[in-house]
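Enquirer: Using numbering that gives the first Met the number 0, the letters of the sequence shown correspond one by one to residues 0 to 269. Quick one: this structure, given as structure tokens, is what I'll be asking you about.
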Amino acid sequence: MSGLRRVRRFIGDHVVLAGGILVLAYMFLPIAIVMLMSFNDNSHSRNVYAFRGFTWNNWTGVCKPDGMCQSVLLSIEIGALATVVATILGTLAAFALVRHEFRGRSIMNTVIFLPMASPEIVMGSSLLALFVASGFGGRLGFVTILIAHVMFCLSFVIVTVKARLSGLDQNLEQAAMDLYASESVTFWRVTFPLVLPGIAAAAMLSFSLSFDDFIITNLNAGQRLTFPMFVWGANQRGVPMQVNVIGTVMFLISLLIVVGNMMATRKKPA
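Written as structure tokens, this is what we have:
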């Protein structure tokens, strides 16, 4: 009986850990496959996930597929611009919704969730109808993609920054003013540094959403080709292995940002 009791105790003590490991393995297995396939020498087969051999050619010739690097640069450019615009507008809107009382505030708090809750095909087709009605039907391209991306990123920025602001202790700002700091000094020296992690998280989320979007972009892109659209088109013939290189690079950059932020914010031992 004592042996059975020890087994039960061991299982009880480690079942949560085992479950966490399984969840992490489930989450990171696709990423591991993408990283493995970035070294796959399988450029002549439609079965892109059949590993034929190890090679560095996918990394040294990452721009070999026609149009791929151009599509990546376009996605990065649109993602960066959409992130800047959406982060600025969303942060200002979040401050207004949290710090100021005005008529219709509760309705606005509900409305900002609509773009997040709406199916992408509905938002994409609605934006297309708007552009056509506004005279942009024959000029779909960079500008229309940028407007669309800013629109669906705004809600995520507002919600993220609002959550950070709502949890902010306003006594810290009042203490700064009690020490004769002006409103502008209090904002830049106290409020903004405390809210900055939420703003940074919102910006990273916006860029990821913009870089990854396909449905809304496909409806409003015209003749422009972003990276997700390139992958979708290449899938008709067989996805080139260089796509996995781009995915691996993006994951490593995200990982470096997260690790760097953790190291920068880690408290020094006393």
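Note that beta-carbon positions come from the ideal geometry of N, C-alpha and C, so glycine has one too.
State the beta-bridge partners of F151 as determined by DSSP.
Expert: For F151, which the question treats as bridged, DSSP gives no partner whatsoever.
Enquirer: CB-CB under 7 angstroms to T190, same chain, minus the five flanking residues each way: which ones, in chain order?
Expert: Cβ within range, chain order: E172.
Enquirer: Could you please give me the residues that DSSP links to N39 through a beta bridge?
Expert: Paired residues: F53.
Enquirer: Would you decide whether A81 is buried or exposed? Buried here means 16 or more other CB atoms lie within 10 Å of its CB.
Expert: Per the 10 Å Cβ criterion, buried.
Enquirer: Among F229, F250, V258, S253, whose alpha-carbon lies nearest the alpha-carbon of C62?
Expert: It is F229 whose Cα lies nearest to the Cα of C62.
Enquirer: Check the Cβ-Cβ distances between Q222 and every residue of chain C, and say whether any is below 8 angstroms.
Expert: Here there is only one protein chain, and chain C is not present.
Enquirer: For N219, I'd like the list of residues in its chain whose CB is within less than 7 angstroms of its CB, leaving aside the five on either flank, ordered along the chain.
Expert: Answer for N219: G123, L126, L127, F130, L139, T143, I144, A147, listed in chain order.
Enquirer: Rounded to whole angstroms, what is the Cα-Cα separation between A269 and N260?
Expert: Because the pLDDT of A269 is 43, which lies under 50, any placement of that residue in the model is unreliable, and the number read from its coordinates should be weighed accordingly. One C-alpha to the other measures close to 20 angstroms.
Enquirer: Does DSSP classify P239 as helix, strand or coil?
Expert: Correct three-state label for P239: coil.
Enquirer: Return yes when the Cβ of C152 is within less than 8 angstroms of the Cβ of L208, no when it is not.
Expert: Their beta carbons are under 8 angstroms apart, which means L208 touches C152 by this criterion.
Enquirer: Would you say G78 and V156 are within 8 angstroms of each other, going by their C-beta atoms?
Expert: Not closer than 8 angstroms, so no.
Enquirer: Could you tell me the alpha carbon to alpha carbon distance between M67 and A199, rounded to whole angstroms?
Expert: One C-alpha to the other measures close to 29 angstroms.
Enquirer: Can you tell which of G221, W231, V238, Q169 has the C-alpha that lies nearest to the C-alpha of N213?
Expert: Per the sequence shown, residue 213 should be read as Phe rather than Asn. The candidate whose alpha carbon is nearest that of F213 is W231.
Enquirer: For G52, I'd like the list of residues in its chain whose CB is within less than 6 angstroms of its CB, leaving aside the five on either flank, ordered along the chain.
Expert: Answer for G52: D40, listed in chain order.
Enquirer: Between the C-alpha atoms of L178 and P196, what's the straight-line distance to the nearest angstrom?
Expert: Taking the straight line from one Cα to the other gives about 25 angstroms.
Enquirer: For the 8 angstroms Cβ check, are there 3 or more pairs between the segment 29-37 and the segment 245-258?
Expert: Output reads yes: the segment 245-258 touches the segment 29-37.
Enquirer: Do M107 and S154 have their C-beta atoms closer together than 8 angstroms?
Expert: Cβ distance not < 8 angstroms, so M107 and S154 don't count as in contact.
Enquirer: Where does G246 sit, in a helix, a strand or coil, going by DSSP?
Expert: Of the three classes helix, strand and coil, the one that applies to G246 here is helix, per DSSP.
Enquirer: Among residues of its own chain, excluding the 5 on either side of Y48, which ones have a beta-carbon nearer than 7 angstroms to its beta-carbon?
Expert: Here the set comprises M36.
Enquirer: When the Cα of W55 is compared with those of L224, S253, Q241, which residue comes out closest?
Expert: Nearest of L224, S253, Q241 to W55, Cα basis: Q241.
Enquirer: Under the assumption that L96 contacts R104 (Cβ atoms under 8 angstroms), give the Cβ distance between them as a whole number of angstroms.
Expert: About 6 angstroms; that satisfies the 8 angstroms criterion.
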